[in-house]
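J.:
Numbering (this note's numbering), first residue to last: 92 to 539.
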């Protein structure tokens, strides 16, 4: 009979916290688990963001194979984005494979699992769920059961807000509800594999990192907000201590994150830069700073490329035959992409300092490129600066995110710690594991 495997997903948890100073920040109980675990540094995927990283880890496929390059995408020839959901996941997940072998799974909060698909067990969807009025469980009747003990489920919060007190209050409300529901499911339902991803950790990091990280360029000490992140850690730690005692003694515990986190140094107005370099031509100058770039603002006949902002930038070539008013002849496509890539790599910091800019064509990163991939993927200063898609700024260098307060950017390295109480897999540092190799490792634990 297989042993149970419980996966605790702490979205955006970096090794510098969980591996180097867990007790200092509130992980008293989990520190002991981690100490006795086999510990990997989990190298996230390209791009290192929540969607697609968790699905890369739970399918073993790269973003190129999944055809998912972020939360939003654009179809060739269209300007407006569409949102990725579970219907885009066509590869079998860890819980799908477990189900084929007769093992029951409970999955809570793994992005993107909305709308819910049938599984052999129970599924509760993730932060991409539009709201509790939508179907968000499999089987459907579990929704009513959850709401009878915890009320309508909170899937996400508005975390990019100046109203920090409201963010703090809603963050803890969401976290406590999630912990209550997961405890109920874990202790009252049958399962062999339990996968729980807590998005609240990520939201705490983005909203309060400058109060927590003393090395942050805009660090502030605050009597309340400097304690938010440690309190999130403490609440999860105390909750898991109680839950762990109710699980079978031989349960394998896996603690994982999809990527790391670090201070955001600032934002860079990528479309303004493209306009300055002659790649993007506007019909008229924006009237105010922070204007969204819209389709009707662009002089398409004079435009070679435009970009999206985000934790990384997706750049699109105005390719003739693909875009409605394309200007770049297909025979010059590769030459254009390579020149733009070289120019992007040369972008420097606000004081002329050298940046470590990483610019890739998707074909350089993935064995297969499916779906609606961008022409170029751009990481500014190794992710430390966030690309801003808005225009009209007095400078290309913005002190903060153009989409609202956000203290942090994603980092490459997450965590994967595996605790086997029977000691069969060993303990200690185990090196680096790529995100797309996590699934096979977990599958061995689940089906052995």
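Each residue gets a CB set at the ideal place from its N, CA and C atoms; glycine is no exception. In this text the structure is predicted, and so the values were computed from the model without any measurement.
Excluding the 5 residues flanking residue 519 on each side, which residues of the same chain have their C-beta closer than 8 Å to its C-beta?
T.: Counting from one through the chain shown, the residue named residue 519 turns up at place 428. Counting only Cβ-Cβ distances below 8 Å, and skipping sequence neighbours, we find 129 and 130.
J.: Express the C-alpha separation of residue 314 and residue 465 in angstroms, rounding to a whole number.
T.: The count along the chain shown starts at 1 and reaches residue 465 at position 374. The count along the chain shown starts at 1 and reaches residue 314 at position 223. Looking at the two C-alpha atoms, the distance is approximately 44 Å.
J.: Residue ranges of each beta strand (DSSP E) run of no fewer than 3 residues wholly in the segment 142–230, ordered along the chain?
T.: Correct list: 196–199 and 212–215.
J.: Taking the beta carbon of residue 564 as the centre, do at least 16 other beta carbons fall within 10 Å, making it buried, or is it exposed?
T.: For the chain, the structure presents residues 92 to 539; residue 564 sits outside this window and is missing.
J.: Alpha carbon to alpha carbon, how far is residue 170 from residue 105?
T.: Counting from one through the chain shown, the residue named residue 170 turns up at place 79. Counting from one through the chain shown, the residue named residue 105 turns up at place 14. Their Cα atoms are separated by approximately 35 Å.
J.: When the distance is taken between beta carbons, is residue 432 closer than 9 Å to residue 467?
T.: Taking the first residue of the chain shown as 1, we reach residue 467 at position 376. Taking the first residue of the chain shown as 1, we reach residue 432 at position 341. Yes, they are a contact pair.
J.: What's the C-alpha gap between residue 383 and residue 413?
T.: Translated into the one-based positions of the chain shown, residue 383 becomes position 292. Translated into the one-based positions of the chain shown, residue 413 becomes position 322. Whole-angstrom Cα-Cα distance: 23 Å.
J.: With a threshold of 8 Å, are at least 3 pairs of Cβ atoms found where one atom belongs to the segment 337–356 and the other to the segment 300–310?
T.: Counting Cβ pairs under 8 Å, three or more are found: they touch.
J.: The beta strand (DSSP E) with residue 121 in it runs from where to where?
T.: Numbered from its first residue, the chain shown carries residue 121 at position 30. That residue, residue 121, is in no beta strand (DSSP E); its alpha helix (DSSP H) goes 119–126.
J.: My output table needs one value for residue 313: the three-state DSSP class, helix, strand or coil.
T.: In the chain shown, counting from the first residue as 1, residue 313 sits at position 222. Reduced to three states, the DSSP call for residue 313 is coil.
J.: Measuring alpha carbon to alpha carbon, tell me which of 94, 161 and 196 ends up nearest residue 219.
T.: On the chain shown, position 128 is the one that residue 219 refers to. The shortest C-alpha separation from residue 219 is found at 161.
J.: Leaving aside the five residues before and after residue 233 along the sequence, list all residues of the same chain whose C-beta is less than 8 Å from its C-beta, in chain order.
T.: In the chain shown, the residue the question calls residue 233 occupies position 142. So the list reads 213 and 215, once near-sequence residues are dropped.
J.: Under 6 Å Cβ to Cβ from residue 199, same chain only, skipping five residues before and after it: list those, please.
T.: What you label residue 199 is simply residue 108 of the chain shown in a count that begins at 1. Only 215, 273 and 287 meet the Cβ criterion.
J.: Tell me whether the segment 131–142 and the segment 428–445 touch, counting them as touching only if at least three CB pairs, one residue from each stretch, are closer than 8 Å.
T.: Flag = no, the segment 131–142 and the segment 428–445 do not touch.
J.: The alpha helix (DSSP H) with residue 296 in it runs from where to where?
T.: Position 205 of the chain shown holds residue 296. Counting along the chain, the alpha helix (DSSP H) containing residue 296 begins and ends at 290–303.
J.: Mind the definition here: the segment 146–159 touches the segment 389–404 only if three or more C-beta pairs lie below 8 Å; say whether that holds.
T.: No: fewer than three Cβ pairs fall under 8 Å.
J.: For the beta strand (DSSP E) containing residue 405, name the first residue and the last one.
T.: Your numbering for residue 405 matches position 314 in the chain shown. Residue 405 -> beta strand (DSSP E) spans 404–408.
J.: Going by CA-CA distance only, name the one from 197, 388, 472 and 349 that's closest to residue 229.
T.: Residue mapping note: residue 229 aligns to position 138 of the chain shown, counting from 1. Ranking 197, 388, 472 and 349 by Cα distance to residue 229 puts 197 first.
J.: What are the partner residues of residue 478, as DSSP defines its beta bridges?
T.: One-based indexing of the chain shown puts residue 478 at position 387. The partner list for residue 478 (beta bridge, DSSP) reads 359.
J.: Measuring CA to CA, which of 156, 163, 124 and 123 is closest to residue 140?
T.: Position 49 of the chain shown, counting from 1, holds the residue named residue 140. Ranking the options by Cα distance to residue 140, first place goes to 163.
J.: How many angstroms separate the CA atom of residue 186 from the CA atom of residue 334?
T.: Working through the chain shown from its first residue, we reach residue 186 at position 95. Working through the chain shown from its first residue, we reach residue 334 at position 243. About 22 Å.
J.: Can you tell me which of the three DSSP states residue 137 falls into?
T.: In the chain shown, residue 137 corresponds to position 46, counting from 1. Reduced to three states, the DSSP call for residue 137 is coil.
J.: Using the Cβ count rule (16 or more neighbours within 10 Å means buried), how would you classify residue 375?
T.: Taking the chain shown and counting its residues from 1, the one referred to as residue 375 is at position 284. Looking at its Cβ environment, which holds fewer than 16 other Cβ atoms inside 10 Å, residue 375 is exposed.
J.: Going straight from the alpha carbon of residue 297 to that of residue 263, what length do you get?
T.: Position 206 of the chain shown holds residue 297. Position 172 of the chain shown holds residue 263. So the alpha carbons of these two residues sit roughly 15 Å apart.
J.: Which residue marks the beginning of the beta strand (DSSP E) containing residue 399, and which one marks its end?
T.: Locating residue 399 in the chain shown gives position 308, counting from the first residue. Start and end: 396–399.
J.: Provide the residue span of the beta strand (DSSP E) that contains residue 501, from first to last.
T.: Taking the chain shown and counting its residues from 1, the one referred to as residue 501 is at position 410. Segment 499–502, the beta strand (DSSP E) holding residue 501.
J.: By Cβ distance, which residues of its chain are closer than 6 Å to residue 417, with the 5 residues on each side in sequence left out?
T.: Mapped onto the chain shown, residue 417 falls at position 326. Around residue 417: 409, 410 and 411.
J.: Spatial neighbours of residue 440 within its chain, please: CB distance less than 6 Å, with the 5 preceding and 5 following residues excluded, ordered by chain position.
T.: Looking up residue 440 in the chain shown gives position 349. Cβ within range, chain order: 446.
J.: Ends of the alpha helix (DSSP H) at residue 450?
T.: Residue 450 sits at position 359 when you count from the first residue of the chain shown. Residue 450 -> not in any alpha helix (DSSP H); beta strand (DSSP E) instead, spanning 449–451.
J.: Would you kindly report the start and end of the unbroken beta strand (DSSP E) that includes residue 520?
T.: Within the chain shown, numbered from 1, the residue matching residue 520 stands at position 429. Start and end: 519–525.
J.: Taking 9 Å as the threshold (C-beta atoms), are residue 475 and residue 101 in contact?
T.: Reading the chain shown from its first residue, position 10 is the one you call residue 101. Reading the chain shown from its first residue, position 384 is the one you call residue 475. Cβ atoms of residue 101 and residue 475: not closer than 9 Å.
J.: With DSSP run on the structure shown, which of helix, strand or coil describes residue 97?
T.: Here residue 97 is taken as the residue at index 6 of the chain shown, counted from 1. The answer is strand: DSSP assigns residue 97 an E or B state.
J.: Could you tell me which residues DSSP puts in a beta bridge with residue 468?
T.: Taking the first residue of the chain shown as position 1, residue 468 is located at position 377. Per DSSP, 405 and 451.
J.: Go to residue 459, then tell me how far its alpha helix (DSSP H) extends in each direction, as first and last residue.
T.: Translated into positions along the chain shown, residue 459 becomes position 368. Residue 459 -> no alpha helix (DSSP H), and no H or E assigned at all.
J.: Excluding the five sequence neighbours on either side, which residues of its own chain have a C-beta within less than 7 Å of the C-beta of residue 223, listed in chain order?
T.: On the chain shown, position 132 is the one that residue 223 refers to. Around residue 223: 243 and 244.
J.: Please classify residue 439: does DSSP put it in a helix, a strand, or coil?
T.: As a working mapping, residue 439 is identified with position 348 in the chain shown. It is coil, neither helix nor strand.
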